[in-house]
Each structure stands twice: as structure tokens, then as C-alpha cells.
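Undergrad: Before anything else, here's the structure in question.
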Amino acid sequence: MRSAIHRYNSYGDFLRNKFGERVHKIPVNAGFTCPNRDGKITVGGCTYCNIDSFTPENTRARIPIRQQVQESIDYLKTRLKARRYIVYFQPYSNTYAPLSHLQKLYQEALDHPDIVGLSVGTRPDCMDAEKLDYFEELARDYFVTIEYGIESSSDKTLKLINRGHDFACTKQMIMETARRKEVHVCGHAIFGFPNETRERMLQTVADVSDMPIDFIKLHNLHVVRYTELARQYKEKPFPVFSFHEWVDFVSEIVEHLNPEFMIERFYGDAPKHLLIQPKWCEEKSAAEVIYAIQQRLEALDTYQGRYFSQEHKKTIAA
Numbered sequence: 314m315r316s317a318i319h320r321y322n323s324y325g326d327f328l329r330n331k332f333g334e335r336v337h338k339i340p341v342n343a344g345f346t347c348p349n350r351d352g353k354i355t356v357g358g359c360t361y362c363n364i365d366s367f368t369p370e371n372t373r374a375r376i377p378i379r380q381q382v383q384e385s386i387d388y389l390k391t392r393l394k395a396r397r398y399i400v401y402f403q404p405y406s407n408t409y410a411p412l413s414h415l416q417k418l419y420q421e422a423l424d425h426p427d428i429v430g431l432s433v434g435t436r437p438d439c440m441d442a443e444k445l446d447y448f449e450e451l452a453r454d455y456f457v458t459i460e461y462g463i464e465s466s467s468d469k470t471l472k473l474i475n476r477g478h479d480f481a482c483t484k485q486m487i488m489e490t491a492r493r494k495e496v497h498v499c500g501h502a503i504f505g506f507p508n509e510t511r512e513r514m515l516q517t518v519a520d521v522s523d524m525p526i527d528f529i530k531l532h533n534l535h536v537v538r539y540t541e542l543a544r545q546y547k548e549k550p551f552p553v554f555s556f557h558e559w560v561d562f563v564s565e566i567v568e569h570l571n572p573e574f575m576i577e578r579f580y581g582d583a584p585k586h587l588l589i590q591p592k593w594c595e596e597k598s599a600a601e602v603i604y605a606i607q608q609r610l611e612a613l614d615t616y617q618g619r620y621f622s623q624e625h626k627k628t629i630a631a
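Going by my numbering, the letters in the sequence shown line up with residues 314 to 631, in that order.
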């Protein structure tokens, strides 16, 4: 899937090849919460998380799922002449409910002739065998992806950010999901936590690269308002990636990344009124960021997975 121009595997190109045309993801908000917010595990949520920082205005939980889907389709058809869509259950943990409730929501989302798939964002501790069996059934007729928040492979980091589970939990559930051969797995990783060194971040890349993942989203850490991380940053500012630092580092990540993975995202963004740092995320468009990364990979004459084989052998030997 990698081209001489891109030097990495593009998720967008993967979908085009699979469906014969561009496929658009439609984010929806089903009104879920998380077990580290409601007290089941802990309270307060992850230290960096403000749900409004990644929830589009048109995907509020008070609007029925079917209406959210239809409004997005109407908009994308008019603006981009789009024809095929994947419904993306995005905010919070979208499997954190009894299966019977989930089935109603997912079926409502899929109830449109132009929907070809379902993507569900969740936590590894909010999944179980019964739900995976259901997703496996859905995958017979739809393109189904489970998106797990990995964030870091460091248990120390996961504890510091109040994640509520360890890396072993993540690894086990990704393995369980991957056993359902028709269900795709996407992992989210965040880089730039104030306690992590460059070497520690690259260890996450190595650990994730050794897992049965299909798609990967790479995020630079954001400091957004009304979060514990924002309080910590105000009390004791810590460095965040500048634009050029992120372009350099994410290019390095690509070199160490499993060459089989499809890269879905290279950075994250947040609304201007919530974003504290890094400021470049509100100034740069997605096209500018991706172009800069492509130019950096070109300048280095490098590509996805350049160092993976050697590192993978070390992991197996260990």
C-alpha cells in the first residue's frame, strides 16, 4: 500500500483500494461515559481529556444517532459529492454499556444504504467476548473497526494520566479482538507526556508494532482547558512538541513503525477556544502537517518500517 511518494501506508488509500472510491468517516456521539469517570474504576477521567476538544458540534448526544448520520451525509454529499461512509462512534468509551443497548445504537447507525462500515472507539477494559462475538457477526456484512486507546505502553505513564488500566489489559484485549479475523483493530497512541523521554516514547512504538493492529493513529499531546493536565501545566509548564519537533519526531516514529500498519492520523487537533498548547495545531491545516511530514521523509530518504525488522528480532529474542 506504500507509494514512492508517501513512503508510508495510508489509511485513506487503503479504503480507496478496498471500496474503489473515497470513504468518509461520520463521527457520532451516543452519550457514553467512561469507567474512570463514573467511579466504577476511578473518577476524573484521563488527565488530558476534555470531551469537547474532539467532539464536533453536530454530534451531540441529545440528537438521535440516525439524525446525526443523516445530517452528516447530507452535508458531505453536497460539499464533497461523497457516496460511502463509515459511522464513527467517537467520544468516550462506546462499548461501555450492556450489549442489548449497544446493538440498538449500532443498528440505528447502520440503517442507511450508503453506510459501509462501523468504527467504534473504546477502552480495552470496556470490551468482552460477548461484544466481540457481536462485532464479528456485524463484520460479515460491514467493514468493522474497533479503535482502542493505547496512549502509552508504560504502566507508570498510564497511572500518572489516571488511565485506570495497565498495558497488559490493552495487549490482551487487542489480541482477543484480532482473533476475530474479520474485525479490524485500530490503536491510538499519544506522544509527549511530560514524564516520557524520547526513548520511552519509541518503546511504545516498538511495543505497539509487535501487536496485531491494522490501523494506527499517532497523536501529539494536547493541553486543553478544564482538564487536570491543564492545571498541571499552569502550575509547572512542561515542554510540548513544536511544529518542527513534531514533524521530525513523527518521521522517526514512522521509521520504527510496523510496516504492515496503515497510518490513519499523524497528529491531533482541538478547538481554538479550548487549546492551550501547542498553538501550531490551530494554525496548521491537516494538509500542511501531512505535506511537511512527507517532505521530511523524502529529505531523509526514509520510509515506514525502515528499522522495524531489526527491532522486531530483538523483541522476539527477549
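Backbone N, C-alpha and C fix where the C-beta goes; we use that ideal spot for every residue, glycine too. Since the structure is predicted, the reported quantities are computational estimates derived from the model, not experimental observations.
#1: Rounded to the nearest angstrom, how far is the Cβ of ASP438 from that of HIS478, given a contact under 8 Å?
#2: Just curious, the alpha helix (DSSP H) that PHE327 is in, first and last residue?
#3: Below 8 Å between beta carbons: does that hold for ARG397 and GLU495?
#4: Check whether the Cβ atoms of LEU570 and VAL602 sit closer than 8 Å, and answer yes or no.
#5: Considering only DSSP beta bridges, list what TYR398 is partnered with.
#6: Whose C-beta lies closer than 7 Å to the C-beta of LEU588 among residues of the same chain, with five residues either side of it excluded?
#7: Do ILE503 and GLU464 have their CB atoms nearer than 8 Å?
#8: Could you tell me whether the Cβ atoms of GLY505 and VAL563 are closer together than 8 Å?
#9: Please list, in chain order, all residues of the same chain as LEU451 whose beta carbon is under 6 Å from its beta carbon, the five residues on each side excluded.
#10: Could you tell me which residues DSSP pairs with THR458 in its beta bridges?
#11: When you compare the region 412-431 with the region 350-360, are there three or more beta-carbon pairs, one atom per stretch, that lie closer than 8 Å?
#12: Look up LEU588 in the DSSP assignment and give the residues it is bridged to.
#13: Give the DSSP-derived three-state secondary structure of VAL553 in the structure shown.
#14: Among ASN363, ARG578 and ILE526, which has the Cα closest to the Cα of HIS586?
#15: Does the distance from the C-beta atom of ILE487 to that of ILE526 stay below 8 Å?
#16: So, with DSSP's three-state summary, where would you put LEU415?
#17: For HIS319 and PHE528, what's the separation of their Cα atoms in angstroms?
#18: Tell me which residues share the same chain as LEU531 and place their Cβ nearer than 8 Å to its Cβ, disregarding the 5 neighbours each side in the sequence.
#19: Determine whether the beta carbon atoms of PHE332 and VAL429 lie at a separation below 8 Å.
#20: Residues in the same chain with beta-carbon distance under 7 Å from VAL336, minus the five sequence neighbours each way, listed in chain order, please.
#21: Using DSSP with H/G/I as helix, E/B as strand and the rest coil, what is LYS597?
#22: Considering just the uninterrupted stretch of the beta strand (DSSP E) at ARG476, what are its terminal residues?
#23: Once DSSP output is grouped into helix, strand and coil, what is the label at ALA605?
TA: Taking the geometry as given:
#1: 5 Å
#2: Start and end: 324-332.
#3: Taking 8 Å as the Cβ cut-off, ARG397 and GLU495 do not qualify as a contacting pair.
#4: no
#5: HIS337 and ILE428
#6: HIS535, VAL537, CYS594 and GLU595
#7: yes
#8: Cβ distance not < 8 Å, so GLY505 and VAL563 don't count as in contact.
#9: Excluding sequence neighbours, LEU451 sits near VAL457.
#10: Looking at the DSSP output, THR458 shares a beta bridge with SER432 and HIS497.
#11: no
#12: VAL537
#13: Three-state result, VAL553: coil.
#14: ASN363
#15: Yes; because the gap between Cβ atoms is below 8 Å, this pair is in contact.
#16: helix
#17: 16 Å
#18: ALA502, PHE504, VAL563, ILE566, ILE576, ARG578, PHE579 and TYR580
#19: yes
#20: LEU328, ARG397, TYR398, ILE399 and VAL429
#21: coil
#22: From DSSP, ARG476 is part of no beta strand (DSSP E); its letter is neither H nor E.
#23: helix
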